[in-house]
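Going by the numbering used here, the first residue of the sequence shown is number 2, and it counts up by one from there. Since the structure comes first, as structure tokens, the remarks are kept for the end.
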Amino acid sequence: MIEAIKKIDSSEALKIRLIQSPKFKTNLTGLFLLRPLTEKEASMLALVSRLMKRGTKNHPGSKAFNDRLEELYGAVFSADVTKYGERLGLQVKIQVPNPRYVAHKEIFKEAIDFLREAVFELATDGSGFISEAFEQERENLIQEIHSRVNDKMTYAVDRCIEFMCHDEPFSVYQYGSVAMLQSLTNPEVYEYYRQILKSSAMTLIAIGDFDFPETTQIIREVFRETTDPGRVSPERNPEEKTVENVRTVKETLKVNQGKLTLGYRTGIRYDHPLYEASVLFSTILGGGGSSKLFQNIREKESLCYYIFSKVEKFKSLMIISSGIDTLDYQRTLDLVLEEVEKMKRGEFTEEDLETAKEIIVSSIESLSDYPNSFLNYYFSRELTGRAYDEKEIIAEVMAVTKEEVMAAGGHYQLDTIHFIEGGQNHED
């Protein structure tokens, strides 16, 4: 349960958000910043995020870094990058026990200080990052990118988006590319790291059971040097593309199970009056076991191993993903297209709509049970400029009418059909 949220804007450079919840015995703090999404930025920022776990100025090397986490009662530290539409986000987090449950009452302050150190004071050799750490983490990232294909379902969706948005920044993989990583030099990435820390506006969000004034004072003291003016965040690209021709792309991989993915442009931004209706359209269509795609194509026709749809919140897309036998490609495609058109015509019941609303409301209500999920969701709300108020969000969902869902569907345009064909004698 979220009891209260306090917003503290020390400046545009550093926004502080404190979320009070007595149900947790830990405090989780995350520092977020945004960068433009380009292949080079993605490659460099992903590499920097990996190096944040390889040591700091005061705790050089992985052993010293991890020893410090153990001293903080087994604190959990993470650093990663993710895409928010055509912006790239760095998120660095640390989770420690609430001071009320441990003997060391300064643990929160020390954890916040270590978070700052892990972001602003990475271990260096004077002119760049520690050479061994840089080379190892670059190679690890390269191998991780190569292994994307092992998760066939996610890979198929990514490939559909890459073709669909081939001339847009959103096509860039969140960790960049192998070719770009191989071309980067240590001094180049180090200079990039120094520049983003000087120029990027940041948001710090903490969730836990704490005293607002005391916590505010701790954070302001630890991050007192990050309130300098001139820090900015990239704006969202307001351009929404329209579809001129539907693109069909087929690729072949050594898999038993074919992967059929459809990409639709919705034209509905997160600040559009029909955004909630658009999410409900996708939920009725492919949002679980009660959805049209699941019931009519997987269960009734037995054509899919799995099938679902989802909305890309920050890019105004809907993706339909399915696993099928290669020989069932055309039949499945025809049925999927038919189900989408039936939804647009309003061939769903009020009961279907209420079930979809229940699914979304349940998801919203459960967020506060998981600190990390809630932290990520809250930051996404910050990016939309829409305050978090659980009752208000639920009320907006519950108020959506069938006519509004149909109106949202009327905006949908099929852009790309992507199919990964498999062979019968290969493992999935």
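Each residue gets a CB set at the ideal place from its N, CA and C atoms; glycine is no exception. Every value quoted in this text rests on a predicted model; they were computed, and no experiment measured them.
Between the beta-carbon of A80 and that of V93 there is about 5 angstroms, and that keeps the pair under the 8 angstroms contact cut. For I206, the pairing in a beta bridge is given by DSSP as R18, G31.
Proximity of the segment 369-382 to the segment 244-262 falls short of the contact definition, fewer than three beta-carbon pairs being nearer than 8 angstroms. The beta carbon of I17 lies closer than 6 angstroms to those of I9, L205, I220 in the same chain, with the five residues before and after it left out. Taking all protein chains in view, the Cβ of V398 is crowded by 16 or more other Cβ atoms within 10 Å, so the residue is classified as buried.
Under the rule that a run must span 3 or more residues, the beta strand (DSSP E) segments found entirely inside the segment 168-248 read 203-209. Annotated as distal: H412 and I285, with beta-carbon spacing of 7 angstroms or more. Around K343, the same chain offers K293, F349 as residues with beta carbons nearer than 8 angstroms, after the five sequence neighbours per side are excluded.
When the Cα atoms are used, I298 and E72 turn out to be separated by approximately 54 angstroms. In this structure the segment 146-164 does not touch the segment 208-228; the number of beta carbon pairs closer than 8 angstroms is below three. The C-alpha of K54 is placed about 21 angstroms away from the C-alpha of S201. Linking S310 to I3 through their CA atoms gives a straight-line distance of about 30 angstroms.
Between the C-alpha atoms of S128 and R117 there is a straight-line separation of about 21 angstroms. Burial is judged here by how many other beta carbons sit within 10 angstroms of a residue's own beta carbon; G86 has at least 16 and is buried. For M319, the enclosing beta strand (DSSP E) has its first and last residue at 318-325.
Fewer than three beta-carbon pairs drawn from the segment 401-421 and the segment 38-52 are found closer than 8 angstroms, and the two stretches are therefore not classed as touching.
Pairing G423 with V256 gives a Cβ-Cβ distance under 7 angstroms. Cβ contact annotation for F25 (same chain, cutoff 8 angstroms, sequence separation greater than five): N99, I208, G209, D210, P372, in chain order.
Taking a 10 Å sphere around the C-beta of T253, we find fewer than 16 other C-beta atoms and assign the residue as exposed.
Excluding sequence positions up to five before and after R149, its CB lies within less than 8 angstroms of the CB of T155, Y156, D159, Y174, all in the same chain and listed in chain order. T39 carries a coil assignment under DSSP once its states are collapsed to helix, strand and coil. Annotation for T262: A157, V158, C161, S322, H419 place their beta carbon closer than 6 angstroms to its own, counting only its chain and skipping 5 residues before and after. Rounded to whole angstroms, V82 and F315 show a C-alpha spacing of 15 angstroms. Rounded to the nearest angstrom, the Cβ distance from F33 to G75 is 24 angstroms, too far for a contact under 8 angstroms. Here F380 is buried, its C-beta having at least 16 other C-beta atoms within 10 Å. In the DSSP annotation of this structure, C166 is not part of any alpha helix (DSSP H), being labelled neither H nor E. Taking a C-beta distance under 7 angstroms as the contact criterion, I108 and V120 do not qualify as a contact pair. The continuous stretches of alpha helix (DSSP H) do not include Y74, and DSSP gives it neither H nor E. Apart from the 5 residues on each side of it in sequence, S291 sits with its Cβ closer than 6 angstroms to the Cβ of T356 in its chain, given in chain order.
Closest option to Y271, judged by alpha-carbon separation, among L182, R237, G288, L29: R237. In this structure the segment 168-182 does not touch the segment 272-279; the number of beta carbon pairs closer than 8 angstroms is below three. Remark: C-beta atoms of L281 and V401 approach each other more closely than 7 angstroms. N187 counts as buried, since no fewer than 16 other beta carbons sit within 10 angstroms of its beta carbon. Annotation: the continuous beta strand (DSSP E) that includes T262 extends over 259-266. The alpha carbon of Y191 has as its nearest neighbour, out of T125, S234, E140, T217, the alpha carbon of T125. Inter-residue distance for Q258 and L142 is about 27 angstroms (C-alpha atoms, whole angstroms).
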